[in-house]
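Structure (structure tokens):
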């Protein structure tokens with residue numbers, strides 16, 4: 001990765017950290033484990049923690065756990081080589097013993113890629129259900145645990161009973177069709193939350209639930225099956241952009257450095273048993289999204305709308321109500337959507 005790209009990411013982390021440093025003081029000199037540490041969230045957490053350590057003297061020791069570290073070392077050698085980062089190569093389903101000094105955990109293991117959920121649904125269920133239980137069992141063997149933040153998913157909300165244009169609250173659980181192979185991911189995520197609740201109540205583990213919505217930023221591959229990634233990829237290739245489904249579908253996006261900072265605030269200040277939505281403030285339809293993306297390119301890029309049986313013809317609205325995390329933890333979206341989009345496109349171009 002070019003030095004300029006790394007410097008830009010560091011600048012993003014500084015911007016997102018503004019106003020949070022004092023609240024994160026309890027992490028000073030502590031050991032943190034991030035499972036799924038080689039993914040999008042893991043990379044951004046490492047970037048933010050590197051700024052806290054190198055510029056603010058936090059002295060955090062960071063453990064990253066994932067199945068395969070080879071690609072990680074090749075992709076982000078500047079992170080893999082950090083002296084305060086320890087890489088643990090292990091399948092989350094097989095975790096039994098953790099380093100004794102770990103006091104804080106962010107559990108982000110498992111891919112959100114729906115292609116893998118459909119092609120290997122049993123593994124998907126095992127990763128989120130059995131993997132979460134294995135990790136919680138390992139936590140019981142630690143001499144002390146201050147906080148466990150479990151990354152769930154916005155898919156646990158299912159199909160809302162009513163269309164929520166102002167954002168889905170943490171209490172608004174909708175209908176889910178469990179009698180379908182496509183439900184493997186969402187149902188496994190729901191079960192993992194239940195497992196967390198059981199360990200919180202029976203074993204008194206300090207568990208907090210975070211429900212992520214849609215994210216944007218460097219480290220999110222353009223090959224991923226999400227509309228915004230595909231639209232950016234198509235634009236870089238001079239188009240056309242293909243909207244597969246309803247162009248009035250609405251999402252919102254949170255930039256990677258903001259995501260990492262919100263999670264660290266949930267880790268440091270989140271209340272046991274609390275649930276927090278994590279996502280962007282600015283709803284945007286797929287149609288308007290293509291316009292925002294193409295505005296970052298000089299050449300004209302065509303947009304095609306194609307309906308197919310694989311994609312729903314009706315529009316959907318999936319945006320979070322983030323008032324709970326903002327009011328209780330004092331976080332905010334530091335990097336607005338248009339700035340986030342521009343940063344992301346520039347990173348991919350480089």
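In the working numbering, the protein residues as written are 1 to 350.
Beta carbons: idealized from backbone N, C-alpha and C, even for Gly.
Residues near residue 87 in its chain [Cβ-Cβ closer than 6 Å; skip 5 each side]: As a first step, residue 87 is located in the chain shown; it is residue number 87 there, counting from the start. Closer than 6 Å at Cβ, skipping near neighbours: 64 and 69.
8 Å CB neighbourhood of residue 102 in its chain, flanking five on each side removed: Sequence index remark: in the chain shown, residue 102 carries index 102 (1-based). For residue 102, where only same-chain residues beyond five positions count, the Cβ hits under 8 Å are 31, 32, 33, 63, 142 and 145.
Counting pairs of Cβ atoms below 8 Å between the region 210-224 and the region 268-287, do you hit three or more? Judged by Cβ distances under 8 Å, the region 210-224 makes contact with the region 268-287, as three or more pairs qualify.
Determine the DSSP secondary structure at residue 50, reduced to helix, strand or coil. By 1-based counting over the chain shown, the position of residue 50 is 50. Here residue 50 sits in helix by DSSP.
What's the gap between the Cα of residue 130 and the Cα of residue 166? Translated into positions along the chain shown, residue 130 becomes position 130. Translated into positions along the chain shown, residue 166 becomes position 166. Whole-angstrom Cα-Cα distance: 35 Å.
Distance between beta carbons of residue 128 and residue 189, contact taken as under 8 Å: Along the chain shown, read from residue 1 onward, the residue named residue 189 stands at position 189. Along the chain shown, read from residue 1 onward, the residue named residue 128 stands at position 128. Residue 189 to residue 128, Cβ: 6 Å. Contact.
Option in 97, 66, 176 and 105 with minimal Cα separation from residue 60: Taking the chain shown and counting its residues from 1, one reaches residue 60 at position 60. Taking only the C-alpha atoms, the option nearest residue 60 is 105.
Apply the 10 Å Cβ neighbour rule to residue 112 and answer buried if 16 or more other Cβ atoms are within range, or exposed otherwise. For this step, residue 112 is matched to residue 112 along the chain shown. The residue in question, residue 112, is buried, as its Cβ has 16 or more Cβ neighbours within 10 Å.
Just verifying my parser: in three-state terms, what is the DSSP assignment at residue 266? The residue labelled residue 266 in the question sits at position 266 within the chain shown. Here residue 266 carries a helix assignment [DSSP, helix/strand/coil].
Please go through the same chain and pick out, in chain order, the residues whose beta-carbon is closer than 7 Å to the beta-carbon of residue 218, but skip the five residues on each side of it. For the purposes of this step, residue 218 is identified with residue 218 of the chain shown, where counting begins at 1. The answer, listed in chain order, is 9, 256, 344 and 347.
Mapping the DSSP letters down to three states, classify residue 287 as helix, strand or coil. Indexing the chain shown from 1 puts residue 287 at position 287. The answer is helix: DSSP assigns residue 287 an H, G or I state.
Would you mind working out which of 92, 38 and 94 sits nearest residue 72, comparing C-alpha positions? Here the question's residue 72 lines up with position 72 in the chain shown. For the residues 92, 38 and 94, the minimum Cα distance to residue 72 belongs to 38.
Taking all protein chains shown into account, do 16 or more other C-beta atoms lie within 10 angstroms of the C-beta of residue 320, making it buried, or fewer, making it exposed? Taking the first residue of the chain shown as 1, we reach residue 320 at position 320. Classification of residue 320: buried, given that the 10 Å Cβ count is 16 or more.
With residue 219 as the anchor, note down where its beta strand (DSSP E) starts and where it stops. Looking up residue 219 in the chain shown gives position 219. It is not in any beta strand (DSSP E) - residue 219 carries neither H nor E in the DSSP assignment.
Under 8 Å between C-beta atoms of residue 361 and residue 198: Residue 361 is absent from the model: the chain starts at 1 and stops at 350.
Span of the beta strand (DSSP E) around residue 86: Residue 86 sits at position 86 when you count from the first residue of the chain shown. First-last of the beta strand (DSSP E) with residue 86: 85-89.
Tell me the DSSP bridge mates of residue 66? Translated into the one-based positions of the chain shown, residue 66 becomes position 66. Looking at the DSSP assignment, residue 66 forms a beta bridge with 89.
Considering only DSSP beta bridges, list what residue 118 is partnered with. Translated into positions along the chain shown, residue 118 becomes position 118. Paired residues: none, contrary to the question.
Where does residue 35 sit, in a helix, a strand or coil, going by DSSP? Stepping through the chain shown from its first residue, residue 35 is reached at position 35. If DSSP states are grouped into helix, strand and coil, residue 35 belongs with the strands.
Residue 6 - DSSP class collapsed to helix/strand/coil: In the chain shown, the residue the question calls residue 6 occupies position 6. If DSSP states are grouped into helix, strand and coil, residue 6 belongs with the helices.
In whole angstroms, give me the CA-to-CA distance for residue 25 and residue 80. The residue given as residue 25 occupies position 25 in the chain shown. The residue given as residue 80 occupies position 80 in the chain shown. Across the structure, residue 25 and residue 80 are spaced so that their CA atoms are roughly 24 Å apart.
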